[in-house]
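Protein sequences appear in the order of chains A and B. For the first sequence, the positions run 1 to 433 when UniProt numbering is used. For the second sequence, the positions run 1 to 433 when UniProt numbering is used. In this text, a Cβ means the ideal position worked out from N, Cα and C, and glycines have one as well. Every value quoted in this text rests on a predicted model; they were computed, and no experiment measured them.
Number of protein chains: 2
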Amino acid sequence: MKPVRLAILGLGTVGGGVLKLLQENAAEIKRRTGREIQITHVGIRRPHPELNLDGIAQSADLLDIVRQPDVDIVVEVMGGIHPANEVILEAIKHGKQVVTANKALLAEHGNELFKAADDHAVQIAYEAAVAGGIPIIKVIREGLAANHIEWLAGIINGTGNFILTEMREKGRTFEDVLKEAQELGYAEADPTFDVEGIDAAHKLTLLASIAFGIPLQFDKVYTEGISKITAQDVKYAEELGFRIKHLGIARRAPQGIELRVHPTLIPQEQLLANVNGVKNAVLVQANAVGPTLYYGAGAGAGPTASAVVADVIDIVRDISYTEDGAGTIPQLAFEALSDVAILNREEMTTGYYLRVDVEDQTGVLADITTILSREGISIDAIMQQPRLKDLIPIVILTDPIVESKMETALTKIQALPATRGEIVRIRLESLES
Amino acid sequence: MKPVRLAILGLGTVGGGVLKLLQENAAEIKRRTGREIQITHVGIRRPHPELNLDGIAQSADLLDIVRQPDVDIVVEVMGGIHPANEVILEAIKHGKQVVTANKALLAEHGNELFKAADDHAVQIAYEAAVAGGIPIIKVIREGLAANHIEWLAGIINGTGNFILTEMREKGRTFEDVLKEAQELGYAEADPTFDVEGIDAAHKLTLLASIAFGIPLQFDKVYTEGISKITAQDVKYAEELGFRIKHLGIARRAPQGIELRVHPTLIPQEQLLANVNGVKNAVLVQANAVGPTLYYGAGAGAGPTASAVVADVIDIVRDISYTEDGAGTIPQLAFEALSDVAILNREEMTTGYYLRVDVEDQTGVLADITTILSREGISIDAIMQQPRLKDLIPIVILTDPIVESKMETALTKIQALPATRGEIVRIRLESLES
C-alpha cells in the first residue's frame, strides 16, 4: 500500500510536536496501522532549523499546499480564525481530509465547515480541540454512544485551573498567580481568553454539540471568568467542604439546554475537585453508564500532538478500508504482535512496604537495615509503631528494587532471632511519570 | 437501509441490561447511527416475563441461533468458558460479528478466537470485558494510538476496591467487609475470582495486549489477592501518606514486560488513591500525552450494557459503511441535529455560594433569610465569619434555584441598609448523579 500523505500547516509548538511525534513513534504507529504516514508538505512562514524537514516541501502558500495532489490529509495547527477558515474550506473543496486543533474556529464557524465537509464527503477531525491529550471527543462520540447524556462538567482550561489551585494551596491572590503563570508560559501576555472563560466556552460548545446532538452555538454560552475570585472566598469555600473550580457545564434541563462557564463550588471529595494544576478533566453523566471521568494534560506540544495524530491514524485506517477493505482496527490494537518476554515475579521491580514484628528492639533495627543495605535496597522511610500484643511493629518503605533481592533480604530478616510471625510485604508504586 | 439484526445470548443481569438499553435509548441510538437495530433472537434457558421480548425468537439452542441468516451481530453475555467458546467460534464461522463481555474467555482463549475472527474477516468487540462502562479499550486502541505506552495501572475489580475502601474508611477487617459485600451482592458466594485477583488478572491480560501489542498471556500474570491485608497495615500505610489499592499493573521494563496484580501502596494525593467503593479507574502513562486517567463504574447492568451497545454501534457503522459508504461517525456525533433551545442565564438552575459583608449584624441575618425564603430559595448552610476590616462576612450556601429568583433576591439584599460592598455570588454544583 502506498503511504498516506500529510500536509502540516503551522510548525509552532503544536505543529512541531505533531511532526516530531510522527517521526519518533513512526515504527509503533506503523505497527498499529499497517501503513506508512508520509509528511509531504509543511506550511511555514519562517525556517525551522530545529526540526527535521528532510524531503518535505516547505511553503508559505497554504492555499497552494492544500490543492496539491500528493496530500491526503491536511493538519491545520496554526490556530486563529483567519486564514485557517479559508484554508480548511479550500482543502475540503479539494477532497482532503482535515485534522484540526482549532477550537475557536470550530466553535465559531464549525457549522459551516462541517456542512462543507459533509457536502464533499470528507471528515474534519478535532480531538485535539478539547482537553488536549484526553480523547474526550472519541469517548463521547463513540465510547458513550449507547447513552442518553444528561450533563457534563469539565475543567477544560489548564491556565485557569493552575491559578485556582495555587490560590487555594498557597492562599495567594489571583493577580499574583496570574503573573507567575505568565512568566511560566502557562498564560498568554493577554490572558483574557483563558481567565475570562472564552477558551473554555469554545471547548464547551464542541462538547455540548456531540453530547446532545445540537448545532454549535458559541454565542449562547453564558461565560464568566475567574478574575473576581478572591483568596477570601477560596478559604471560606474550603471551610465549608468545597473547592472552587472553573467549570464548563452543559446540562439538559426540562426547559432546554444550559451552556455555562463559570467558577463553581464543588464538594471536596469529588474527583474533579482534586484535579490540580494545569491538568484537565471532564465528568460525564449518562443514563446507562452513570458518571465517568476523563483526566489528563489539556495542553502542551506532546498531549496536543497525541490527539492530532490519533485523528490522523483514524483517517489512515478509513482510507485503507475504503481503498482495499484493510484498515479496520486490529483486534489487539496492533497489526503484528510482538514476542517480547513477560518477566517472572523475581525479575519485577517495585518499591515495598514491609512490616516486621519484633520481640525486642535492641540491635534489631540495625540488623534489619544492614541486611537491606547489603542487598542494595535503599530505605525511603522507617517507622517504629507502638507496641502491640508484646511485639514492636517496624514499618519500612523501600525504593524500587528487583524482587529477587527483596526475597533474599526477607529470608534473612525472617531468620533473625527477634523476628516474630511472618513479615508483611506489600508492594509500593509512586505512579509518577 | 434494512435494520442491523442482533442475537443476544444470555438474558441475565448484563443481557437483560443490553436488551433494555437498546429498547429505551432506541431513538437516541438511531439518531446517532442513522439505522435501526433489531433484536431478532435471544438465547435463553428460562422464560423472562420481566423483559419485553415481543417479536423476538427465543431459543435455548445457541448454536442454532448463531447460524441463522437473520443475524448480523452475536452478542455473547452468558459468561463462562463453555459453551461461550464453542458458540462464538460457530458464530465466527458463519460470518457473524461478535460482541462479548467475557473477560475470562478472552484472556484464556482469546488468541485462538481472534485468529478465527481474522480468518473469517469479522470482529470480536470486547469493550465491556474490562472496566465495565469505562471505554478503556477504545481509548487505548484508538484514542492513544499515537503513543508508545509505557505502563498502566488500574483498579479493575470493584469488589476488591469496595472491600479495601471500607477497611480504610471504617477500620474494619477483611472478613467483616467481605461478608457485607456478599450480602450486598457485590461479591459472589465464592469470592475467589474477585478477592484473589483472578478477575483483575483476566482484565489486565487484555489491557496489556492492546497497550503493548503482545499476545494474550494470562498464565504469565503474577497474581496476588487482598485476603491477607489487615486493618493494621491499612492504618500504618495511611499514616505514611499512602493508601492500599488492589492494582493491575502492566509495565515495559528494560528486560521485558511486567504483568502483575497485587495490593499496592500508592500516594494518597494520586487520583487513583481517591477512587473509592465499587468504582474502577485506569491510569495510563504514554510517551506523548503523559498520564491520563479513566474513571467510572466497572460493573452492573447499565454500565456493562453501555459498553456492549457502544460496540454494537461501532459495528453497525462499519456494516453501513461496507454496504453503501454511509455510517462514518457523524461530525457532531449525531446524523440529525436537534433544535432544542439553549436557555438564557436567567433560566438556568444552580446552587449558590453567597457572601454578604454587613456592617452591623443585628437583624440583618433575619432580613437576608427572609428575602431568600420569599423567593423560594432554601438555605443549605449559613456561616458567619470573623469580623474583617470592620465588616462581618455572612456566607450562605443555597440549594439549586432558577437564576432569575436569585437575581431578585440579591437586588433586595444588596439594598439592605447594613449591606456593604458588592455581594459575592459563586455558583455551586453537587455534581451528584
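Report all residues from its chain with a CB closer than 8 Å to the CB of Leu428(A); omit the five preceding and five following residues, and keep chain order.
The residues are Thr350, Gly351, Tyr352, Tyr353, Leu397, Thr398.
Pick out whichever of Gly43(B), Val358(B), Ile56(B), Arg35(B) has its Cα sitting closest to the Cα of Ile88(B).
The residue with the shortest Cα to Cα distance from Ile88(B) is Gly43(B).
Relative to the C-alpha of Val122(A), which residue among Ala336(B), Pro330(B), His202(B) is closest?
Answer by Cα proximity: Pro330(B).
Which ranges does the alpha helix (DSSP H) cover as unbroken runs of at least 4 residues, wholly within the region 7 to 61 of chain A, from first to last along the chain?
Whole alpha helix (DSSP H) segments, 4+ residues: 13 to 24, 26 to 33.
Under the rule that 16 or more other beta-carbon atoms within 10 Å means buried, what is Ile81(A), buried or exposed?
It counts as exposed.
Cβ closer than 9 Å: which chain A residues qualify as neighbours of residue 457(B)?
Outside the shown range of chain B (1 to 433) lies residue 457(B), about which nothing can therefore be said.
Return the first residue and the last residue of the alpha helix (DSSP H) that Phe174(B) is part of.
Counting along the chain, the alpha helix (DSSP H) containing Phe174(B) begins and ends at 174 to 184.
Please name the residue in Ser433(A), Glu432(A), Gly363(A), Ile382(A) whose C-alpha comes closest to that of Thr419(A).
If we check each option's Cα against that of Thr419(A), Gly363(A) comes out closest.
What do you get for Asp190(B), buried or exposed, if any count of 16 or more other CB atoms within 10 angstroms of its CB means buried?
It is exposed - the Cβ of Asp190(B) has fewer than 16 other Cβ atoms within 10 Å.
Beta carbons nearer than 7 Å to chain B: which residues of the region 11 to 29 of chain A have them?
Here the close residues are Leu21, Asn25, Glu28, Ile29.
By DSSP, does Phe334(A) sit in helix, in strand, or in coil?
In the structure shown, Phe334(A) sits in coil (DSSP, three-state: anything other than H, G, I, E or B).
For the region 233 to 264 of chain B, list the beta strand (DSSP E) runs that are entirely contained and at least 3 residues long, ordered along the chain.
Correct list: 242 to 253.
By how many angstroms is the C-alpha of Ala146(B) removed from the C-alpha of Ile379(A)?
In a straight line, the C-alpha of Ile379(A) is about 38 Å away from that of Ala146(B).
Taking Pro303(A) as part of the alpha helix (DSSP H), name the residues at either end of that continuous run.
Counting along the chain, the alpha helix (DSSP H) containing Pro303(A) begins and ends at 301 to 324.
With burial defined as no fewer than 16 other Cβ atoms inside 10 Å of the residue's Cβ, what is the status of Gln9(B): buried or exposed?
Checking the sequence, you will find Leu at residue 9(B) rather than Gln. Per the 10 Å Cβ criterion, buried.
Are the C-beta atoms of Phe212(B) and some chain A residue less than 8 Å apart?
Yes - at least one Cβ of chain A is within 8 Å of the one on Phe212(B).
Any chance you could list the beta strand (DSSP E) runs of at least 3 consecutive residues sitting entirely within the region 54 to 100 of chain B, in chain order?
Those beta strand (DSSP E) runs which fall completely within the region 54 to 100 of chain B and span 3+ residues are 57 to 59, 73 to 76, 97 to 100.
Would a C-beta distance cut-off of 8 Å place Leu271(B) and Leu283(A) closer than the cut-off?
Contact flag unset, no.
Tell me, please, whether the CB atom of residue 434(A) is closer than 8 Å to any CB atom in chain B?
Given that chain A is displayed from residue 1 to residue 433, the structure contains no residue 434(A) and the question cannot be resolved.
Classify Met383(B) as buried or exposed, calling it buried when 16 or more other Cβ atoms lie within 10 Å of its own Cβ.
Met383(B) is exposed by the Cβ-count criterion.
Under 8 Å, Cβ to Cβ, is there at least one residue of chain A near Asn147(B)?
Yes, contact with chain A.
Whose CA, out of Ala26(B), Thr230(B), Leu240(B), Ile315(B), lies closest to the CA of Val98(B)?
Answer by Cα proximity: Ile315(B).
Should the region 136 to 152 of chain A be regarded as contacting the region 122 to 135 of chain B, the criterion being three or more beta carbon pairs within less than 8 Å?
Touching, yes.
Any C-beta of chain B sitting closer than 8 Å to the C-beta of Glu238(A)?
Closer than 8 Å: no.
Residues of chain A with CB under 7 Å from Asn274(B), in chain order?
Chain A residues near Asn274(B): Leu271, Asn274.
Let's test the definition: count the other Cβ atoms within 10 Å of the Cβ of Gln285(B) and tell me whether it reaches 16, buried, or not, exposed.
Classification for Gln285(B): buried.
Let me confirm a value: Gly171(B) is counted as buried when at least 16 other C-beta atoms fall within 10 Å, else exposed. Which label applies?
So Gly171(B) counts as exposed.
Judging by CA-CA distance, which residue of Ala281(B), Asn52(B), Leu332(B), Ser209(B) is the nearest neighbour of Asp118(A)?
Looking at the Cα atoms, Leu332(B) is the closest of the given residues.
Can you find a C-beta in chain D that's less than 8 Å from the C-beta of Pro400(A)?
Included in the structure are the protein chains A and B, with no chain D among them.
List the residues that DSSP assigns as beta-bridge partners of Gln384(B).
In DSSP, Gln384(B) forms a bridge with Ile394(B).
Measure the alpha-carbon distance for Lys138(B) versus Val402(A) and round it to whole angstroms.
Going from the Cα of Lys138(B) to the Cα of Val402(A) covers about 33 Å.
What did DSSP end up calling Leu293(A) once you bin it into helix, strand or coil?
Leu293(A): strand per DSSP, three-state reduction.
How far does the beta strand (DSSP E) with Gln361(B) in it extend, from its first residue to its last?
Gln361(B) -> no beta strand (DSSP E), and no H or E assigned at all.
Would you grab the beta carbon distance between Ala125(A) and His202(A) for me? Rounded to a whole angstrom, and I think it's under 8 Å.
Going by Cβ atoms, the distance from Ala125(A) to His202(A) rounds to 17 Å, so no, they are not a contact pair.
Should the region 207 to 219 of chain B be regarded as contacting the region 235 to 244 of chain B, the criterion being three or more beta carbon pairs within less than 8 Å?
They do not touch, by the three-pair rule.
Could you give the residue range of the beta strand (DSSP E) that holds Lys279(B)?
Start and end: 279 to 286.
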